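In mature numbering (1 follows the signal peptide of the UniProt record, and there is no 0), the protein residues as written are -30 to -1, 1 to 147.
Idealized CB from N, CA, C, for every residue including glycine.
Fair warning: this is a prediction, and the values are worked out from it, not measured in the lab.
Inspection log for the structure reproduced underneath, given as structure tokens.
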Amino acid sequence: MTSFPTSLRHAFARPLLGLALCSAALAAQAQVSVKDAWVRATVAQQKSTGAFMQLSSAKAVKLVSVSSPVAGVAEVHEMKMDGGVMKMRPVEALDLPAGQAVELKPGGFHLMLMELKGPVKDGDTVPLSLVFEGADKKRETMEIKASVRGMGMMQGGMGMGSGHKHGAASAPQEHKH
């Protein structure tokens, strides 16, 4: 049997190890899919807005944090009715059960972008960093880009600003995947 010199074995082993680690990282990130990511456009002095999307994961994970360069603060929030009063609160983590789609939508779970650094206009794209944590407590960050939709693109839920256009406004809520 032929034996390779140690230096030659290391020369081949390092790239292979790097490739294996990259493949493992890609596989971990590929377990979460994001569909229809969008952010609601803002009006001139508005300092917060919502981000919405559909998340699904091959393995059970949790969405534990979010950030964006357009906002000073970004959080996972839940909006729900409590005794006839709509209440919104941050949540520590959002569970993504294996194989089940979780809808982040107006009037339910969503991402809140606060302390906006400027207006978010219809047609813009907003970068978002989503951090997921698996059962093993390992965290993976997924970078996505969400399209900005005009103020008239939704009704109900988080009525921010004025001058809502009506008509096609309910389209995002009617999406069923």
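Cα-Cα separation between residue i and residue j, rounded to whole angstroms
i	j	result
residue 77	residue 22	11 Å
residue 92	residue 70	30 Å
residue 50	residue 24	18 Å
residue 72	residue 30	12 Å
residue 2	residue 87	29 Å
residue 39	residue 15	18 Å
Inter-residue CB distance, residue i and residue j (contact presumed, cutoff 8 Å)
i	j	result
residue 65	residue 32	6 Å
residue 101	residue 35	4 Å
residue 99	residue 37	5 Å
Residue i, buried or exposed, once every other Cβ within 10 Å from all chains shown has been counted against 16
i	result
residue 59	exposed
residue 127	With a pLDDT of only 38 at residue 127, under the threshold of 50, the placement of this residue in the model should not be trusted, and no figure is reported.
residue 44	buried
residue 107	exposed
Distance CB(residue i)-CB(residue j) smaller than 8 Å
i	j	result
residue 74	residue 83	no
residue 85	residue 41	yes
residue 105	residue 68	no
residue 4	residue 19	no
residue 119	residue 11	yes
residue 79	residue 55	no
residue 63	residue 95	no
Counterpart residues of residue i in DSSP-defined beta bridges
i	result
residue 1	Beta-bridge pairing links residue 1 to no other residue.
residue 65	32
residue 11	According to DSSP, which records beta bridges pairwise, residue 11 is partnered with nothing at all.
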